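Below is one structure, written out as structure tokens; the observations come after it.
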Amino acid sequence: MHAPLSHDDPRHPAQGGRIMEGIFSLSVALGVGIGLSYVLASLVSLRLAARFDRAPAFMLVFFGGMLVRLVLALVLVGLVLALLAVQAGVFVGSFLVVFLIGLIVEISRLHRGLPSRPTP
Numbered sequence: 591m592h593a594p595l596s597h598d599d600p601r602h603p604a605q606g607g608r609i610m611e612g613i614f615s616l617s618v619a620l621g622v623g624i625g626l627s628y629v630l631a632s633l634v635s636l637r638l639a640a641r642f643d644r645a646p647a648f649m650l651v652f653f654g655g656m657l658v659r660l661v662l663a664l665v666l667v668g669l670v671l672a673l674l675a676v677q678a679g680v681f682v683g684s685f686l687v688v689f690l691i692g693l694i695v696e697i698s699r700l701h702r703g704l705p706s707r708p709t710p
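In case it helps, this note's numbering puts the sequence shown at residues 591 to 710.
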């Protein structure tokens, strides 16, 4: 026979809150981590692309980097959802919040770096 579980054992039914709290924290941490990785890669890509004087080279580096970042982010999100026990809504929501804030930062930095054009 099995010995009864103590109340401190995470497998005990009374400890379900701790397990769910851990899954929630893991979901948020993974979502924010992947989102921050995307944002940092975006800023590095923008800085690298800014080294090129010609527009075609800038566009190739910047948009090529964006394609690679998006594909990697989608693969990572898919792997986390498929392989780990996370709360999907919390994970995707935390990723999207960080992703959208990073997108705003990326666009503002891109516009700040563009030369101003005279209005006709």
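All residues carry an ideal CB built from backbone N, CA and C; glycine is no exception.
Keep in mind it's a predicted model, so treat the numbers as computed, not measured.
(Q) Could you check if L666 belongs to the surroundings of the ligand ADP, using beta carbon to heavy atom distance under 7 Å? (A) Among the components of this structure there are no ligands whatsoever, and the ligand ADP is therefore not found.
Q) Between L633 and L616, what straight-line distance do the alpha-carbon atoms span, to the nearest angstrom? A) Their Cα atoms are separated by approximately 26 Å.
Q. In terms of alpha-carbon separation, which member of G692, H701 and F653 lies closest to V629?
A. G692
Q: Kindly give me the distance between the Cβ atoms of G621 and S684, rounded to whole angstroms, as I take these residues to be in contact under 8 Å.
A: So it is a contact: roughly 3 Å between Cβ atoms.
Q. Quick one: does V629 have its CB under 8 Å from some CB of chain B?
A. In the structure shown, chain B cannot be found, because there is only a single protein chain.
Q. In angstroms, rounded to a whole number, what distance separates the CA positions of E611 and Q677?
A. If I take the Cα positions, the gap works out to 10 Å.
(Q) Is the separation between the beta-carbon of A639 and that of R659 shorter than 8 Å? (A) no
Q.
If you reduce the DSSP assignment to three classes, tell me which class L633 lands in.
A. helix
Q: For L669, count neighbouring Cβ atoms within 10 angstroms of its own Cβ and tell me buried if that reaches 16, exposed if not.
A: Classification for L669: exposed.
(Q) Using 8 Å as the threshold, is the C-beta distance between L626 and V688 below it? (A) Yes; because the gap between Cβ atoms is below 8 Å, this pair is in contact.
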